[in-house]
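**Q** Submitted below is the structure of interest, expressed as structure tokens.
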Amino acid sequence: LKVNGKKLYQYARQGIEIEREPRPVVIHKLELLDWDPPYFRLAIGCSKGTYIRTLLEDIAAALGTAAHMTFLLRTRVDGFLLTEARTLEEVEADPQAALLPPERAVQELPQLAATSWQAYRITSGVATTVRKLADGTYALCLDGVFLGVVRCGAEKVRPLKILHQAPRPPEETREEDEHEDYQGFNQ
5 LKVNGKKLYQ
15 YARQGIEIER
25 EPRPVVIHKL
35 ELLDWDPPYF
45 RLAIGCSKGT
55 YIRTLLEDIA
65 AALGTAAHMT
75 FLLRTRVDGF
85 LLTEARTLEE
95 VEADPQAALL
105 PPERAVQELP
115 QLAATSWQAY
125 RITSGVATTV
135 RKLADGTYAL
145 CLDGVFLGVV
155 RCGAEKVRPL
165 KILHQAPRPP
175 EETREEDEHE
185 DYQGFNQ
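Take 5 as the starting number for the sequence shown in the working numbering and just add one per residue.
This is the structure:
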């Protein structure tokens, strides 16, 4: 979150407290790893939008004391693990080995498994009618191959970011493909 164009953590680092609206978060895991008074280490699994500093302040307040965070290490963000990180030396030594497949960046999105003509039209930049599909953002796939990211709204699918152009299917398949009632959605 930002206030006046500045991220909240930047204010916190300057010792400036900004009033925040409470919002629901989910704490999946809260484990005490180490206790060496007055220091302790926690392992926390939480939903997006959780402010760890605020969580620690809330825990301290519930215990009738205060707390100050001196170190934060994110071990997972949106499905990317710290153990998968590469050092600059590793990247310089073998840049190709450091690359992840593009679909990893959208692994949290639902997949839209399009027909060949739908995929061709969408990757060509054409807004395409797709019935029975909830509004939202999807990873567009054709035969299991990730093509790009699309947005569905009012039964129209529009490309947001296309990485691969789907090949033009044979013309004789066009009519049957276009009349197929689309339900190719995978969660």
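Yeah, the Cβ is synthetic: ideal placement off N, Cα and C, and Gly gets one too.
Measuring CB atoms only, is the stretch 161–169 touching the stretch 126–134, in the sense that at least three cross pairs come out at less than 8 angstroms?
**A** yes
**Q** Please list, in chain order, all residues of the same chain as Pro5 whose beta carbon is under 6 angstroms from its beta carbon, the five residues on each side excluded.
**A** Pro is not the amino acid found at residue 5; the sequence shown has Leu there. Counting only Cβ-Cβ distances below 6 angstroms, and skipping sequence neighbours, we find Leu12.
**Q** Would you decide whether Ser80 is buried or exposed? Buried here means 16 or more other CB atoms lie within 10 Å of its CB.
**A** In the sequence under discussion, the amino acid at residue 80 is Arg, which differs from the Ser named in the question. By the 10 Å Cβ count, Arg80 comes out exposed.
**Q** With burial defined as no fewer than 16 other Cβ atoms inside 10 Å of the residue's Cβ, what is the status of Arg125: buried or exposed?
**A** buried
**Q** Which runs of the alpha helix (DSSP H) fall wholly inside the stretch 74–153 and span at least 4 residues, in chain order?
**A** Complete alpha helix (DSSP H) runs here, min 4: 92–97, 99–102, 120–127.
**Q** Within the continuous beta strand (DSSP E) that includes Leu67, where are the two ends?
**A** Where Leu67 is concerned, there is no enclosing beta strand (DSSP E), given that its DSSP letter is neither H nor E.
**Q** According to the Cβ coordinates, are Gln122 and Cys145 closer than 7 angstroms?
**A** no
**Q** Which residues mark the beginning and the end of the beta strand (DSSP E) in which Arg162 is found?
**A** 160–166
**Q** What span of residues does the beta strand (DSSP E) with Tyr15 cover, start to end?
**A** Careful: Tyr15 lies outside any beta strand (DSSP E), inside the alpha helix (DSSP H) at 12–17.
**Q** Rounded to whole angstroms, what is the Cα-Cα separation between Cys50 and Glu35?
**A** 12 angstroms
**Q** Assign Leu34 to one of three DSSP states: helix, strand, or coil.
**A** Looking at Leu34 - three-state DSSP - the assignment turns out to be strand.
**Q** Can you tell me which of the three DSSP states Ile200 falls into?
**A** The requested residue 200 does not occur in the structure, where the chain is confined to residues 5 to 191.
**Q** Does Leu37 pass the burial test, meaning 16 or more other C-beta atoms within 10 Å, or should it be called exposed?
**A** exposed
**Q** Using a 10 Å radius around the Cβ and a threshold of 16 neighbouring Cβ atoms, would you call Thr127 buried or exposed?
**A** Flag for Thr127 reads buried.
**Q** Among Phe84, Tyr55, Thr74, which residue has its Cα nearest to the Cα of Arg45?
**A** Thr74
**Q** What three-state label does DSSP hand Glu175 in the structure shown?
**A** helix
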